[in-house]
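Peer 1: From first to last, the protein sequence lines stand for chains A and B.
Numbers 9 to 263, taken from my numbering, label the letters of the first sequence in order.
Numbers 1295 to 1552, taken from my numbering, label the letters of the second sequence in order.
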Amino acid sequence: MRNVIRLVWFDLKQELKPPVWIVLEWLTFAVQLFIYGALISQLVTAPEVGNYQQFYAVGFVVMMTFDIGSHTGRSFVEHAHEGMLPYYLSLPISRAKLFLSIALQGGAELALLITVPLAVTLALIGNITIVSVTAAVATLFCLGFGIAGLMLGLSFIAFKSSDLYTAITTGLSTIIIRFSTVLYPFIFLPPGYASVAAFSPLTYGADLVRLVLGFNPSVLLNPVYAVAVLAALAVSTLGLGMFLLQRLVEGVKSS
Amino acid sequence: MTELMRILRLARNDFSYFFRTKWLMAVLLSLNLSDMLVVALVYNKLMRFNYFQFFIPGIVIMGLFAAALDTGRRIWLAFREGVIHYYLSLPISLNGVVIAYLLAGGSAAIVYSSSLLLIALIVLPAQAIWSALILLPFLFVLAIGLAGISAALAALASTHGEYFFAYQQIVQIVLLTFSTVFYPIDLISKYLPLPLVTIASANPLSLAADAMRQYAFAGQPIQPSFLLNILLASVPLALIGAISYLTALHLVRVKGKL
């Protein structure tokens, strides 16, 4: 386990010296929530939504979770193409431990990044309990691991063309966010868009977090489906990622 | 070959690099088109206010801004990868290199945002397409100004990638949030303090978005003073960028590095 932790710290310390990105993400969150979110909420008049600033705050935390999850998956692929992967593979640790270190690093980055925004969001919403906070955090981590696994699962494209992989994952990220309930409730999506949003993992992540934090359940999706989809996503994509690491990464060329 | 021809060749090279960067095109197109065809449409259902009509011109300006800002990334890459030494070895003056980059940045932004404008004209019929065409040269000057900001950030960040992208993100968020791209000025003046309202009103992105809304889509007659304001807000930005980039190039020529 000590080797796994050492490997996690090896990558994580690069993000923390100096912690530019973390502070920047927090500042972005503050500006987005207290300027953009506050002003847009004055324009939102649909009574079903309630306080849009609170709705948006949860959506933004989910977007941050998505970003960090996809960053974890993408950085693995970047390492492969920058020549770091052969170094990792040459280390005296098993592939399973290597995979565990990647997942733990993603989890640590996620925890560092969303602690402050989540605390601000919870303070803004108010009326929360330990159970609801724990359930929200568990949902966000489940979503983060699922997204990281999804990006790892798409890495087979990168082994053919790194440029194409970046184009697909970055383009896909935008679409996954827009066609989801991160920014607006499901019932307001036109039917064509709603059927696409039903395939977005963010739809289930955002609605489940909102449900446990006490938002109006009538505008949210059935939590049973949300739990099932998020659990299936995390297990299946992480399983796929582990398979890829075991089978496909050996002999990846650096470019 | 004259200096002008060399500048144009260098500008063409940088211009084509923008459109050949696949991931960048994927990000910009997916972001702007999904904002236009999904976010604007769904937000419209959440509001009594016609947000679709309001936001679509704003998205065209957002596209112009994002494409112009990419100039800085290309300049920063040239510093980091050492391509700048190749440019310095070319038979072209330092001023020529600066002009070529700003021209390329402005041209890439105007071509990209014009494609968004075409899509906007399909989804939201404009009252005065001629006004949109009259606005384009002014938007081109604005794009050069925004490319200038980006060039200044690249020169400031030197070869530190993390700082360049951090500066770029800060500028992007501040300029977009404190503008009328997303919400009308009446709303901003109701909820934000006066200094911030003044910043939002004078913000070149607000001027461009409002001009696009009023003149191209609402069909109001063009006010020359409004166009002059766009020029007055853009030219200083272009000059700041040009001076910063020129200073950085001069440093590289004298010291070999930034």
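Where is the CB? At the ideal position from N, CA and C, for every residue including glycine.
Nearest CA to the CA of A/S181: which residue from B/R1300, B/V1321, B/L1501 and B/N1523?
Peer 2: B/V1321
Peer 1: Quick one: grab the DSSP three-state call for A/M9.
Peer 2: Looking at A/M9 - three-state DSSP - the assignment turns out to be coil, as it is neither helix nor strand.
Peer 1: Quick one: what's A/V52 bridged to in DSSP?
Peer 2: B/M1341
Peer 1: According to the neighbour-count rule (16 or more other Cβ atoms, all chains shown, within 10 Å of its Cβ), is A/F107 buried or exposed?
Peer 2: buried
Peer 1: By DSSP, does A/N224 sit in helix, in strand, or in coil?
Peer 2: coil
Peer 1: Under a three-way DSSP split, which group does A/G62 fall into?
Peer 2: It is Gln, not Gly, that sits at residue 62 of chain A in the sequence shown. Helix, per DSSP.
Peer 1: When the cut-off is 8 Å and only beta carbons count, does A/D171 lie next to chain B?
Peer 2: At a cut-off of 8 Å, the C-beta of A/D171 has a neighbouring C-beta in chain B.
Peer 1: Touching or not, the stretch 125-134 of chain A and the stretch 83-91 of chain A, by the rule of three or more beta carbon pairs under 8 Å?
Peer 2: no
Peer 1: Would you identify the three-state DSSP class for B/H1454, choosing helix, strand or coil?
Peer 2: Correct three-state label for B/H1454: coil.
Peer 1: Have a look at A/T147, A/T211 and A/P199 and flag the residue whose alpha-carbon is nearest the alpha-carbon of A/I184.
Peer 2: A/T211
Peer 1: Whose C-alpha, out of A/L15, A/Y95, A/I133 and A/V85, is nearest the C-alpha of A/G58?
Peer 2: The option with the nearest alpha carbon to A/G58 is A/I133.
Peer 1: Let's see if you can read the secondary structure: which residues bound the alpha helix (DSSP H) around A/T36?
Peer 2: V28 to V39 is the extent of the alpha helix (DSSP H) around A/T36.
Peer 1: Under 8 Å: do the stretch 1456-1464 of chain B and the stretch 1404-1423 of chain B share three or more Cβ pairs, one atom per stretch?
Peer 2: no
Peer 1: Let me know the secondary structure DSSP gives B/M1295 once reduced to three states.
Peer 2: coil
Peer 1: With 7 Å as the limit, tell me which residues of the stretch 43-60 of chain A have their beta carbon closer than that to any beta carbon of chain B; keep them in chain order.
Peer 2: I43, Y44, A46, L47, I48, Q50, L51, V52, T53, A54 and V57
Peer 1: Just to confirm the assignment: which complete alpha helix (DSSP H) runs, minimum length 4, are found wholly within the stretch 1492-1552 of chain B?
Peer 2: Counting only unbroken stretches of 4 or more residues, the alpha helix (DSSP H) elements lying wholly within the stretch 1492-1552 of chain B are 1498-1505 and 1518-1549, in sequence order.
Peer 1: Starting from the C-beta of B/Q1521, find all residues in its chain whose C-beta is less than 6 Å away, skip the five residues before and the five after it, and write them out in chain order.
Peer 2: One point to set straight first is that residue 1521 of chain B is Leu, not Gln, in the sequence displayed. Hits under 6 Å: F1432.
Peer 1: Are the beta-carbon atoms of B/N1307 and B/G1357 separated by less than 8 Å?
Peer 2: no
Peer 1: Taking the straight line between their C-alpha atoms, what separation do you get for A/M71 and A/I122?
Peer 2: 10 Å
Peer 1: B/P1489 by DSSP, collapsed to three states: which one?
Peer 2: helix
Peer 1: Please list, in chain order, the chain B residues whose beta carbon lies closer than 8 Å to that of A/T36.
Peer 2: Q1463 and I1467
Peer 1: Nearest by alpha-carbon distance to A/F194: which of B/L1302, B/Q1517 and B/Y1337 is it?
Peer 2: B/Y1337
Peer 1: How would you list, in chain order, the residues of chain B whose beta-carbon sits under 7 Å from the beta-carbon of A/T178?
Peer 2: W1317, A1320 and V1321
Peer 1: Just how far apart, CA to CA, sit B/V1546 and B/L1552?
Peer 2: Our two residues, B/V1546 and B/L1552, have alpha carbons roughly 6 Å apart in a direct line.
Peer 1: Closest by CA to B/L1410, which one among B/R1367, B/E1375 and B/G1352?
Peer 2: B/G1352
Peer 1: Can you name, in chain order, every residue of its own chain whose Cβ lies under 6 Å from the Cβ of A/N205, other than the five neighbours on each side?
Peer 2: Note that residue 205 of chain A is Ala in the sequence shown, not Asn. Around A/A205: F187, S188, L197 and T211.
Peer 1: How far does the alpha helix (DSSP H) with B/S1383 in it extend, from its first residue to its last?
Peer 2: V1377 to S1383
Peer 1: If you draw a straight line from the C-alpha of A/V237 to the C-alpha of A/L112, how long is it?
Peer 2: 22 Å
Peer 1: Span of the alpha helix (DSSP H) holding A/L97?
Peer 2: M92 to S98
Peer 1: So for A/S263, helix, strand or coil by DSSP?
Peer 2: Here A/S263 scores only 45 on pLDDT, less than 50, and its place in the model should not be relied on; the value that follows carries that caveat. A/S263 falls in the coil class under three-state DSSP.
Peer 1: Counting only Cβ pairs nearer than 8 Å, list the residues of chain A close to B/T1553.
Peer 2: Examination of residue 1553 of chain B is not possible in this model, given that chain B is present from 1295 through 1552 alone.
Peer 1: Thinking C-alpha only, which one of B/L1397, B/V1435, B/K1316 and B/R1303 is nearest A/G179?
Peer 2: For A/G179, the nearest C-alpha among the options comes from B/K1316.
Peer 1: Do A/Q62 and A/A46 have their beta-carbon atoms positioned less than 8 Å apart in this structure?
Peer 2: no
Peer 1: So which residues of chain B does A/L191 contact, with C-beta pairs closer than 7 Å?
Peer 2: The answer, in chain order, is V1333.
Peer 1: Strictly below 9 Å CB to CB, what residues from chain A border B/S1328?
Peer 2: T182, I183, I185, R186 and F187
Peer 1: Pull up the CB-CB distance for B/S1538 and B/L1450, whole angstroms please, since I reckon it's below 8 Å.
Peer 2: 7 Å
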